[in-house]
Amino acid sequence: MTKLLASLLSVAAIGLIANAVPVHAEPGAEQGQVRKERKAGNVRSLREIEQQVLPKMTGMQYLGPEYDPAAMAYRLKFIQDGKVYFVDVDARTGRVIGRSR
């Protein structure tokens, strides 16, 4: 009886572990979130942000943006001489809040 109970508990535990799949946002969810925030007037458009930041990044190739809905911030990615640079911008105000190399 103990072996049967142990076997059943093992199978149940394996089933719980197998079903404990991490929850991830669907691809493109950030785009939907920023679109909602933009329509509500809570964030600036990516175009506005790019018009403000890109001219200051002379000599760098612009690789594209990402949006972080939790931080309500855009991360613009650049490359120069094989080094990647990030510029983080508050999507609400357009203010640069960080730079990294």
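Positions -25 to -1, 1 to 76 (mature numbering (1 follows the signal peptide of the UniProt record, and there is no 0)) are the ones given, in order, by the sequence shown. We put the beta carbon where it would ideally sit given N, CA and C, even for glycine. Remember, predicted model here, so these are calculated numbers, not experimental data.
{"query": "Contacts around Arg67, its chain only, beta-carbon distance under 8 Å, and the 5 residues preceding and following it disregarded", "result": "Asn17, Val18, Arg19 and Met47"}
{"query": "C-alpha gap between Gly7 and Ala45, whole angstroms", "result": "13 Å"}
{"query": "Outcome for Ile24 when other beta-carbon atoms lying within 10 angstroms are tallied against a minimum of 16", "result": "buried"}
{"query": "Counterpart residues of Pro40 in DSSP-defined beta bridges", "result": "Leu51"}
{"query": "Beta-carbon separation (whole angstroms), Phe53 vs Gln27, contact threshold 8 Å", "result": "No, Phe53 and Gln27 are not in contact; Cβ-Cβ is about 14 Å, not under 8 Å."}
{"query": "Val(-5) classed as buried or exposed, judged by whether at least 16 other C-beta atoms fall within 10 angstroms", "result": "A caution first: Val(-5) carries a pLDDT of 37, below 50, which makes its placement in the model unreliable, though a value can still be read off. Its Cβ having fewer than 16 others within 10 Å, Val(-5) is exposed."}
{"query": "Buried/exposed call for Val59, threshold 16 Cβ in 10 Å", "result": "exposed"}
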